[in-house]
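S.K.: I'd like to ask you about the structure that follows.
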Amino acid sequence: MPIITSVISYYAQTLGIIMLGYMVDPSFTPFFIQMFLSALDWKNVVL
Numbered sequence: 377m378p379i380i381t382s383v384i385s386y387y388a389q390t391l392g393i394i395m396l397g398y399m400v401d402p403s404f405t406p407f408f409i410q411m412f413l414s415a416l417d418w419k420n421v422v423l
């Protein structure tokens, strides 16, 4: 299952559906907020 998720995420990034992450978030930030803050894209949270 992790392989499938990784492949979907990889192709979503290469096709431009979601943005590449470019920011490292602090570890105390909640998970869904970390996903948004990493690339400043709401689609990362959905994926």
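Each residue of the sequence shown is one higher than the last, beginning at 377 in the numbering used here. Yeah, the Cβ is synthetic: ideal placement off N, Cα and C, and Gly gets one too. Please read these numbers as outputs of a predicted model, since none were measured by experiment.
#1: If you count every other CB in all the chains shown that lies within 10 Å of the CB of residue 426, and 16 or more means buried, which is it?
#2: Have a look at residue 416 and residue 391 and give me their C-alpha separation to the nearest angstrom.
#3: Assign residue 381 to one of three DSSP states: helix, strand, or coil.
#4: Let me know the secondary structure DSSP gives residue 395 once reduced to three states.
#5: So, is residue 399 buried or exposed, given that buried needs 16 or more other C-beta atoms within 10 angstroms?
M.R.: Based on what the coordinates show:
#1: Here the chain covers residues 377 to 423 and nothing more, so residue 426 does not appear.
#2: 17 Å
#3: helix
#4: coil
#5: exposed
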